[in-house]
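Residues 1 to 393 in UniProt numbering are what the sequence shown lists, from first letter to last.
Note that beta-carbon positions come from the ideal geometry of N, C-alpha and C, so glycine has one too.
Some notes on the structure that comes next.
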Amino acid sequence: MTDNAATSQKQIFPVGGRTSLSVCCASSLSGIQVCTSQLNRVIDYPVRDMTITVEAGMRIDHLNEIVSAEGQRLPVDVPQSNRATLGGIIATNTSGPKRFSYGTIRDYVIGTSAVDGSGNLFKSGGRVVKNVAGYDLKKMLVGSLGSLAIISQVSLNLRPKPETLSMVWFTFDSYQKIDRALEALTTSGTRPTAIEYCNSKAAKQIAAESRFELPCENDVICISYEGSNNEVHWQTNKIIEEWKEFSPLSAQIVDSDHATRLYNAFVEYQTSSDDPVTLKAVVLPSQMLEFVEAATELNIAVQAHAADGIVFGHLPDSASSLEDVKHILNRLKKEPSLQTGYLTIYQCESEWAEALPLFCSSPPGWSIMREMKNAFDPHQLLNSRRFAELVET
Numbered sequence: 001m002t003d004n005a006a007t008s009q010k011q012i013f014p015v016g017g018r019t020s021l022s023v024c025c026a027s028s029l030s031g032i033q034v035c036t037s038q039l040n041r042v043i044d045y046p047v048r049d050m051t052i053t054v055e056a057g058m059r060i061d062h063l064n065e066i067v068s069a070e071g072q073r074l075p076v077d078v079p080q081s082n083r084a085t086l087g088g089i090i091a092t093n094t095s096g097p098k099r100f101s102y103g104t105i106r107d108y109v110i111g112t113s114a115v116d117g118s119g120n121l122f123k124s125g126g127r128v129v130k131n132v133a134g135y136d137l138k139k140m141l142v143g144s145l146g147s148l149a150i151i152s153q154v155s156l157n158l159r160p161k162p163e164t165l166s167m168v169w170f171t172f173d174s175y176q177k178i179d180r181a182l183e184a185l186t187t188s189g190t191r192p193t194a195i196e197y198c199n200s201k202a203a204k205q206i207a208a209e210s211r212f213e214l215p216c217e218n219d220v221i222c223i224s225y226e227g228s229n230n231e232v233h234w235q236t237n238k239i240i241e242e243w244k245e246f247s248p249l250s251a252q253i254v255d256s257d258h259a260t261r262l263y264n265a266f267v268e269y270q271t272s273s274d275d276p277v278t279l280k281a282v283v284l285p286s287q288m289l290e291f292v293e294a295a296t297e298l299n300i301a302v303q304a305h306a307a308d309g310i311v312f313g314h315l316p317d318s319a320s321s322l323e324d325v326k327h328i329l330n331r332l333k334k335e336p337s338l339q340t341g342y343l344t345i346y347q348c349e350s351e352w353a354e355a356l357p358l359f360c361s362s363p364p365g366w367s368i369m370r371e372m373k374n375a376f377d378p379h380q381l382l383n384s385r386r387f388a389e390l391v392e393t
């Protein structure tokens, strides 16, 4: 297939659940589509080792169903998990609020099998946690957007499934109070699972999606806790007590089924918008509020993983033209917080994809990424639109 594609100069596009085709500004799938959704078998599941090996086309919900029956889970948040495939979330490096406490998919991949752009099958890692033999090629496939290889099989490390989930929804009337409260978490007696920020515009949408009445007229910090019933109950009340000195406008505990729906609304929000463009910024956590303040002034609906400095912004409906979008991008690119971070187009209308750069500024290690692309895919066959010439100069 790769020889034919090279001869005809056609692109090869790996696709799974088709949930992320617009992620990172993909303009079209004109070429050869390689669908992995039928690669969905369990290869090996030694339950006591808390590892599992499956084919890369397995849906995330199916994977979670299998391991949940044994009191285990893959603690990575995945939007549209009923459709998303394991290979797809590795290729897009999908994560969510729990990345604060559990990390991302790269922390759970212990082995892969894949096919590179020359049609060569290669393996990295294995089926055991402490396999350190050979080069760690499996980690390079995480976030590669299908531009280095097509993943066929994955071995994962798993974690115990917690007993319960509870969340505390705080509202504040100033960025200064939020900043002080977040800083105080470093000395808190609690251990949050996730720390999410959203401005009022995003909060209203998230609360509506969760079907739970919550105050949304001000900026929100929502903190999640997982564990046994006793420890979660203690921590939710403890954080309310600790944060009284920062004068939140409100503090509401959300538990049981309401907490699950609210948490899922946070997970889905980064990809659920119908707005024409979604931005993703990565900044220092200490500069997160500085960036979201600038984005809010531009009427952008903002959600952020507050302790990780990862910000998602859905552009307003008023940004109805390509010129409007470019104007907003140019405004945000001038923000001082991006001097140590970067801004990307996470999703956009397909007809705008060619005109908008994936990276509005070069991310760290860009030259190394290019060398890796050339090594894994010398003929530039695999999803090259998502990699080459995507930086605005």
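Worksheet item: Nearest to SER256 by alpha carbon, out of GLY341, ALA194, VAL282, LEU165?
Response: Position 256 of the sequence shown, counting from 1, holds the residue named residue 256. Measuring from the Cα of SER256, the nearest candidate turns out to be LEU165.
Worksheet item: Near VAL115, what residues of its chain come up, given a Cβ to Cβ distance below 7 Å and the 5 sequence neighbours on each side ignored?
Response: What you label residue 115 is simply residue 115 of the sequence shown in a count that begins at 1. Cβ within range, chain order: LEU121, ALA149, ILE150, SER152.
Discussion item. Using 7 Å as the threshold, is the C-beta distance between VAL78 and THR94 below it?
Written reply: Locating residue 78 in the sequence shown gives position 78, where the first residue counts as 1. Locating residue 94 in the sequence shown gives position 94, where the first residue counts as 1. Yes; because the gap between Cβ atoms is below 7 Å, this pair is in contact.
Worksheet item: What are the boundary residues of the alpha helix (DSSP H) that includes SER367?
Response: Numbered from 1 along the sequence shown, position 367 holds the residue referred to as residue 367. 366 to 376 is the extent of the alpha helix (DSSP H) around SER367.
Worksheet item: Taking the continuous alpha helix (DSSP H) assigned at ASN40, which residues delimit it?
Response: In the sequence shown, counting from the first residue as 1, residue 40 sits at position 40. Segment: none, ASN40 is in no alpha helix (DSSP H) and carries neither H nor E.
Practice prompt. With a 10 Å radius around its C-beta and 16 neighbouring C-beta atoms as the bar for buried, classify ILE368 as buried or exposed.
Written response: The residue you call residue 368 lines up with position 368 of the sequence shown. Exposed.
Item to complete: For SER320, I'd like the list of residues in its chain whose CB is within less than 6 Å of its CB, leaving aside the five on either flank, ordered along the chain.
Response: Looking up residue 320 in the sequence shown gives position 320. For SER320, where only same-chain residues beyond five positions count, there are no Cβ hits under 6 Å.
Item to complete: Over the uninterrupted alpha helix (DSSP H) stretch that includes GLU231, give me the two end residues.
Response: If you number the sequence shown from 1, residue 231 lands on position 231. 229 to 242 is the span of the alpha helix (DSSP H), which, as asked, contains GLU231.
Fill in: Which of helix, strand or coil DSSP assigns to GLN380
In the sequence shown, the residue the question calls residue 380 occupies position 380. It is coil, neither helix nor strand.
Worksheet item: So what does DSSP say about ILE300, is it helix, strand or coil?
Response: The residue labelled residue 300 in the question sits at position 300 within the sequence shown. Three-state result, ILE300: coil.
Fill in: Start and end residues, beta strand (DSSP E) containing residue 394
Nothing can be reported for residue 394: it is not among the residues displayed for the chain, which extend from 1 to 393.
Worksheet item: At what residues does the alpha helix (DSSP H) containing PHE266 begin and finish?
Response: Within the sequence shown, residue 266 is the residue found at index 266, counting from 1. PHE266 -> alpha helix (DSSP H) spans 256 to 272.
Item to complete: Return yes when the Cβ of ILE223 is within less than 7 Å of the Cβ of ILE178, no when it is not.
Response: Position 178 of the sequence shown holds residue 178. Position 223 of the sequence shown holds residue 223. Contact: no.
Worksheet item: Nearest-angstrom Cα distance between TYR197 and GLY125?
Response: As a working note, residue 197 is residue 197 in the sequence shown. As a working note, residue 125 is residue 125 in the sequence shown. The straight-line gap from Cα to Cα measures roughly 36 Å.
Worksheet item: Closest to ALA56 by CA distance: which of SER20, THR19, SER155, GLN33 is it?
Response: In the sequence shown, the residue the question calls residue 56 occupies position 56. Of the listed residues, the one whose Cα sits closest to ALA56 is SER155.
Discussion item. Do ASN330 and PRO316 count as a contact pair if the criterion is CB distance below 7 Å?
Written reply: As a first step, residue 316 is located in the sequence shown; it is residue number 316 there, counting from the start. As a first step, residue 330 is located in the sequence shown; it is residue number 330 there, counting from the start. No, they are not a contact pair.
Worksheet entry | TYR342 burial status per 10 Å Cβ neighbour count (16 or more: buried) | Here residue 342 refers to the residue found at position 342 when the sequence shown is read from its first residue. TYR342 is buried by the Cβ-count criterion.
Worksheet entry | Identified DSSP bridge partners for TRP169 | Taking the sequence shown and counting its residues from 1, one reaches residue 169 at position 169. Bridge partners of TRP169: CYS222, GLN252.
Practice prompt. Check ASP116 in the structure and name its three-state DSSP category.
Written response: What you label residue 116 is simply residue 116 of the sequence shown in a count that begins at 1. In the structure shown, ASP116 sits in a strand (DSSP, three-state: E or B).
Worksheet item: Between which two residues does the alpha helix (DSSP H) containing SER210 stretch?
Response: Residue mapping note: residue 210 aligns to position 210 of the sequence shown, counting from 1. In the DSSP assignment, SER210 falls within the unbroken alpha helix (DSSP H) covering 200 to 210.
Fill in: Segment contact flag, the stretch 86 to 100 with the stretch 58 to 74, C-beta cutoff 8 Å, min 3 pairs
yes
Worksheet item: What's the call for GLY309, buried or exposed, on a 16-neighbour Cβ count within 10 Å?
Response: Taking the first residue of the sequence shown as position 1, residue 309 is located at position 309. GLY309 is buried by the Cβ-count criterion.
Worksheet entry | Beta-carbon gap between PHE291 and VAL311 smaller than 7 Å | Reading the sequence shown from its first residue, position 291 is the one you call residue 291. Reading the sequence shown from its first residue, position 311 is the one you call residue 311. In contact: PHE291 and VAL311 (Cβ atoms closer than 7 Å).
Worksheet item: What's the C-alpha gap between GLN42 and ILE52?
Response: Locating residue 42 in the sequence shown gives position 42, counting from the first residue. Locating residue 52 in the sequence shown gives position 52, counting from the first residue. Gln is not the amino acid found at residue 42; the sequence shown has Val there. Computed Cα separation, rounded: 8 Å.
Worksheet item: How long is the line joining the alpha carbons of THR340 and THR187, rounded to whole angstroms?
Response: Residue mapping note: residue 340 aligns to position 340 of the sequence shown, counting from 1. Residue mapping note: residue 187 aligns to position 187 of the sequence shown, counting from 1. Straight across, the Cα-Cα distance linking THR340 with THR187 is about 26 Å.
Worksheet entry | Inter-residue Cα distance where the pair is HIS379 and VAL34 | Residue numbering aside, residue 379 sits at position 379 when the sequence shown is read from its first letter. Residue numbering aside, residue 34 sits at position 34 when the sequence shown is read from its first letter. So the alpha carbons of these two residues sit roughly 17 Å apart.
Worksheet item: Residues in its own chain within less than 7 Å of ILE240 by CB, not counting five upstream and five downstream?
Response: For the purposes of this step, residue 240 is taken as the residue at position 240 of the sequence shown. Cβ neighbours of ILE240 within its own chain (closer than 7 Å, five residues either side excluded): VAL168, ALA251.
Discussion item. Less than 6 Å separating the Cβ of ILE206 from some heavy atom of the ligand HEM?
Written reply: In the structure on display, the ligand HEM does not appear, and there are no ligands present to speak of.
Practice prompt. Provide the residue span of the beta strand (DSSP E) that contains LYS123, from first to last.
Written response: One-based indexing of the sequence shown puts residue 123 at position 123. Looking at the DSSP string, the run of the beta strand (DSSP E) that includes LYS123 is 121 to 125.
Worksheet item: Relative to the alpha-carbon of PRO162, which residue among ASN230, THR112, SER200 has its alpha-carbon at the smallest distance?
Response: By one-based count along the sequence shown, residue 162 stands at place 162. Out of ASN230, THR112, SER200, ASN230 has the C-alpha closest to the C-alpha of PRO162.
Worksheet entry | Burial state of TRP243 (16 or more Cβ within 10 Å) | Your numbering for residue 243 matches position 243 in the sequence shown. A buried status is given to TRP243, since no fewer than 16 other beta-carbon atoms sit within 10 Å of its beta-carbon.
Fill in: Through-space distance from LEU141 to ALA353, alpha-carbon basis
Counting from one through the sequence shown, the residue named residue 353 turns up at place 353. Counting from one through the sequence shown, the residue named residue 141 turns up at place 141. Annotation: ALA353 to LEU141 spans about 23 Å, alpha carbon to alpha carbon.
Worksheet item: So, helix, strand or coil for PRO75, using DSSP?
Response: As a first step, residue 75 must be located in the sequence shown, where it is residue number 75. If DSSP states are grouped into helix, strand and coil, PRO75 belongs with coil.
Practice prompt. Give the C-beta separation of GLY17 and THR85 to the nearest angstrom, bearing in mind that I take them to be a contact with Cβ-Cβ under 8 Å.
Written response: Counting from one through the sequence shown, the residue named residue 17 turns up at place 17. Counting from one through the sequence shown, the residue named residue 85 turns up at place 85. Right, the Cβ-Cβ distance comes to about 5 Å (below 8 Å), so this counts as a contact.
Worksheet item: If we ignore side chains and look at the alpha-carbon of each, how far apart do ALA170 and ASN218 end up?
Response: Working through the sequence shown from its first residue, we reach residue 170 at position 170. Working through the sequence shown from its first residue, we reach residue 218 at position 218. The identity of residue 170 in the sequence shown is Phe, whereas the question assumes Ala. Cα to Cα, the separation comes out at about 9 Å.
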